[in-house]
Amino acid sequence: YILFQETYHKESYERLHPTGPKHDYAYHTEAMDRAMKGGIDDVGLGVLFGLELYKYEFAGLLMHAEHLEAVHGVGPHTISVPRVKHADDIDPDEFDNGISDDIFAKICACIRLAVPYTGMIISTRESKSVREKVIRLGVSQISGGSKTSVGGYYEPEAEEESSEQFDVSDRRTLDEVVCWLMEIGYIPSFCT
């Protein structure tokens, strides 16, 4: 069960979700607790780095992982580390808290040290060079050939009708990503 918190900063969260089912910050934040109490102990966390100060989000993410482990005896199975990237109606330059590739790499390395048992996921939002850098720092799960539009795997969408949730930076096919991983010394696995 994966659910991104998006931001641990309550005021920002509520500003981003003024109405609807995601508006209730506490209910959203406690979703993992409800899942684990219901018998689902394979949960995944994630924040969208760039919405708030990265140090705040990083601390919130680690505190959430620590809470789950303390209360339920097991921490998150995965932690995802997406950053705010260009998408329809979203310009990353409009966010004051964007992070550099170097800070992003440090975050990945620190998550690996702080939560060594968890799988760390990076998406095709990131470029090939960033993905190569952070995989060497402990990222354990990456995607390839990703489609971010509704039904994108079923039927290709004309570019002018694109409904992508965010721009894909690494557009290599899954086969190309698998070959690349082997070239840099990794043994790809489709198991988590």
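No gaps in the numbering here: position 183 of the sequence shown is 183 in the working numbering, and each next residue is one more.
Just so it is clear, CB atoms sit at the ideal spot from N, CA and C, and this is done for glycine as well.
Please read all numbers here as calculations on a predicted model, not as lab measurements.
According to the DSSP secondary-structure assignment, G46 is paired through a beta bridge with S80.
Residue pairing by DSSP puts E6 in a beta bridge opposite V47. Contact annotation: K37 and Y25 have beta-carbon atoms that are not nearer than 8 Å. Between the alpha carbons of G119 and C108 lies a gap of roughly 11 Å.
Note on the segment 61-135: whole alpha helix (DSSP H) runs with a minimum of 4 residues are 101-114 and 128-135, in chain order. D170 and M182 have their C-alpha atoms spaced approximately 17 Å apart. Under DSSP, I142 takes part in a beta bridge, and its partners are I122.
At a Cβ-Cβ threshold of 8 Å, P82 and R125 count as neighbours.
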